[in-house]
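**Q**
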């Protein structure tokens, strides 16, 4: 008698478009054998807003408010990139005080974004205590941002030629106090991530991104730095006040989730240092916070910013009128999400949510179009939501 | 000699007369115009030999003149702020160009996005499915 060879059947597990483990709409099609993921396919477009087309019909100043809303978490990075590109088009030089305020807001935003990421990551691996501690400490930086700009998100600080609000002298000691608290919080979080055996077991060697593949798909930001590539727009292509601020690029070698956590936690310390540097400068440097804006001559400009998730690129083409002819936004997640297709195969299904979260994905676009199939008649229709609502009424 | 001069020299030896300098601004952004047939060999040179990063591909709709594809290559990890924008003009009727996804993998989604939104076709793309539009979206002729 012979026992038949049993092979595990392969199944397709859909993850998304809307799923509790994902924060935004994206559709992963996972081919699994038992618990192991064999192949991954990713579909985007569940959240497409057509921002780049909208930008072509608004004036340069109206576009600041539009691009602020590309992303809720890195709103200041988007406006910094946009205003900076528009300033390149118009040949506008920033006043010194505006440069420091811009840098300060960018770094405070990085602190809030990285702490948010660390909290989400901890929650996904089931470490609820650290999640709550990290998010409690994140309130400090949100308090600072609220005190400066009046908002916890969408600070609306940047404008073409400078910033919209000045930072009061009396406010600086209070911000410094909060920065001290943040520094302490970062140390606690770093100690926990490095020493806790539970976190280590769930992140070390999981979701590893090969160095060679990372270079080929040109990942950016903390994901690239976690694979040993020392690229950082703040150093390579300095903007705002970064060319005069001393700070280190944090890199790690592993390419796994633990390395990405180490890089982001290391960057928190650097960000606190940069913020402190800016505050010291703001105590002494005075002057205007806004330069005069005249016109945008025909031409084109490329602006780049290190957003919390990595390199953010804006490309603007001007035709001499007050609306841009073409605006192209390349968000960091556009390249980093692609890396997931190489990180997920080989992992167990339980590690998929934390691996997806490890690159800090941010889908920054909405659906305007949708397709409907009538199951009775099998007629397939596409169009804008308004057209479809008319035809199916 | 700056890094850009080296890159320009190598580009000119590769494509000879089909090279045209458009603009270099004071932020060291270089804009260059090329003929579409060279895009594969030029990408191979920039990405594999000169260690550039393909950052993005964008397209301008220039009306009756056609489409302007802009390939953004980043060399800022070699020289501060150096950014090379290669421009390629495609005709409005039947805009076809060679896909560079096999050489620079980061072009994959960028090319699929342009196929979706502007109807430009990329020859020999390994995975020419819809990216942002639904898979069942009808394909349309541009013209």
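Protein chains in written order, with our numbering: chain A, 26 to 418; chain B, 300 to 442.
Note that beta-carbon positions come from the ideal geometry of N, C-alpha and C, so glycine has one too.
Under a CB-based cut-off of 7 Å, is residue 396 of chain A close to chain B?
**A** Caution applies to residue 396 of chain A, whose pLDDT of 44 falls short of 50 and renders its modelled position unreliable; the value that the coordinates give is listed next. So yes, residue 396 of chain A belongs to the interface.
**Q** Against chain B, with Cβ distances strictly below 7 Å, would residue 242 of chain A count as a contact?
**A** yes
**Q** How would you call residue 128 of chain A, buried or exposed, if buried means at least 16 neighbouring beta carbons within 10 angstroms?
**A** By the neighbour-count rule (16 or more Cβ atoms within 10 Å), residue 128 of chain A is buried.
**Q** Following the continuous alpha helix (DSSP H) through residue 218 of chain A, name the residue where it begins and the one where it ends.
**A** 196–220
**Q** Is there a C-beta anywhere in chain B that falls below 7 Å from the one on residue 337 of chain A?
**A** no
**Q** Work out the CA separation of residue 184 of chain A and residue 314 of chain A for me, nearest whole Å.
**A** 10 Å
**Q** For a minimum of 4 consecutive residues, which ranges assigned as the alpha helix (DSSP H) are wholly contained in the segment 76–153 of chain A?
**A** Entirely contained in the segment 76–153 of chain A, the alpha helix (DSSP H) runs reaching 4 residues are, in chain order, 76–80, 85–93, 100–115, 121–149.
**Q** Mapping DSSP to helix, strand and coil, what is residue 384 of chain B?
**A** Secondary structure of residue 384 of chain B (DSSP, three-state): strand.
**Q** I believe residue 165 of chain A touches residue 206 of chain A by the beta-carbon criterion, under 8 Å. Please report the beta-carbon distance rounded to the nearest angstrom.
**A** 5 Å
**Q** Looking at the unbroken beta strand (DSSP E) that takes in residue 361 of chain A, where does it start and where does it end?
**A** Element bounds for residue 361 of chain A: not the beta strand (DSSP E) but the alpha helix (DSSP H), 358–368.
**Q** Beta carbon of residue 386 of chain B, beta carbon of residue 352 of chain B: below 7 Å?
**A** no
**Q** Report yes if the C-beta distance between residue 316 of chain A and residue 117 of chain A is below 7 Å; otherwise report no.
**A** yes
**Q** Would you report the Cα separation of residue 104 of chain A and residue 112 of chain A, rounded to the nearest angstrom?
**A** Going by the C-alpha atoms only, they are around 12 Å apart.
**Q** Can a CB atom of chain B be found closer than 7 Å to the CB of residue 144 of chain A?
**A** Among the CB atoms of chain B, none fall inside 7 Å of the CB of residue 144 of chain A.
**Q** At a threshold of 6 Å, does residue 233 of chain A count as lining the ligand COA (C-beta to nearest heavy atom)?
**A** With respect to the ligand COA, the structure offers nothing, as it holds no ligand at all.
**Q** Does the Cβ-Cβ distance between residue 277 of chain A and residue 294 of chain A come in under 7 Å?
**A** Against a cut-off of 7 Å, the Cβ pair of residue 294 of chain A and residue 277 of chain A comes out as no contact.
**Q** Determine the contact status of residue 310 of chain A and residue 83 of chain A, defining contact as a CB-CB distance below 7 Å.
**A** Their beta carbons are not under 7 Å apart, which means residue 310 of chain A does not touch residue 83 of chain A by this criterion.
**Q** Along the segment 250–271 of chain A, where does the CB come closer than 7 Å to a CB of chain B? Name the residues.
**A** 256, 261, 262
**Q** Let me make sure I understand the geometry here. Which of B:403, B:434, B:336 has the alpha-carbon closest to that of residue 396 of chain B?
**A** B:336
**Q** Given a threshold of 16 other Cβ atoms within 10 Å of its Cβ, counted over all protein chains shown, does residue 430 of chain B qualify as buried or as exposed?
**A** buried
**Q** Counting contacts by CB-CB distance shorter than 7 Å, is residue 424 of chain B in contact with chain A?
**A** no
**Q** In the structure shown, what three-state DSSP assignment does residue 395 of chain A receive?
**A** With a pLDDT of 44 at residue 395 of chain A, under the threshold of 50, the modelled position of this residue cannot be trusted; read the value that follows with caution. Strand at residue 395 of chain A.
**Q** Would you identify the three-state DSSP class for residue 421 of chain B, choosing helix, strand or coil?
**A** Three-state result, residue 421 of chain B: strand.
**Q** Quick one: any contact between the segment 352–363 of chain A and the segment 322–339 of chain A, if contact means 3 or more CB pairs under 8 Å?
**A** yes
**Q** How should residue 394 of chain B be labelled, buried or exposed, when 16 other C-beta atoms within 10 angstroms of its C-beta is the threshold for buried?
**A** buried
**Q** Listing by chain order, which chain A residues have their CB less than 7 Å from the CB of residue 352 of chain B?
**A** 243
**Q** Give the residues of chain A in contact with residue 379 of chain B, contact being defined as C-beta atoms less than 7 Å apart.
**A** 261, 262
**Q** For residue 370 of chain A and residue 312 of chain B, I'd like the C-alpha separation in whole angstroms.
**A** 42 Å
**Q** Quick check: is the beta carbon of residue 69 of chain A nearer than 7 Å to any beta carbon in chain B?
**A** yes
**Q** Quick one: Cα of residue 209 of chain A to Cα of residue 192 of chain A, how far?
**A** Linking residue 209 of chain A to residue 192 of chain A through their CA atoms gives a straight-line distance of about 24 Å.
**Q** Cutting at 6 Å between CB atoms, please list the residues of its own chain near residue 38 of chain A, excluding the five before and the five after it.
**A** 55, 57
**Q** Counting only C-beta atoms, is residue 359 of chain B closer than 7 Å to chain A at any point?
**A** yes
**Q** Under a Cβ-count criterion, where at least 16 other Cβ atoms within 10 Å of its own Cβ denotes burial, should residue 152 of chain A be classed as buried or exposed?
**A** By the neighbour-count rule (16 or more Cβ atoms within 10 Å), residue 152 of chain A is buried.
**Q** Which same chain residues, not among the five before or five after residue 215 of chain A, have their C-beta less than 7 Å away from its C-beta?
**A** 290
**Q** If I'm right that residue 60 of chain A touches residue 374 of chain A with Cβ under 8 Å, what's the distance once you round it to whole angstroms?
**A** 5 Å
**Q** Considering just the uninterrupted stretch of the alpha helix (DSSP H) at residue 243 of chain A, what are its terminal residues?
**A** Run containing residue 243 of chain A: none; DSSP gives neither H nor E here.
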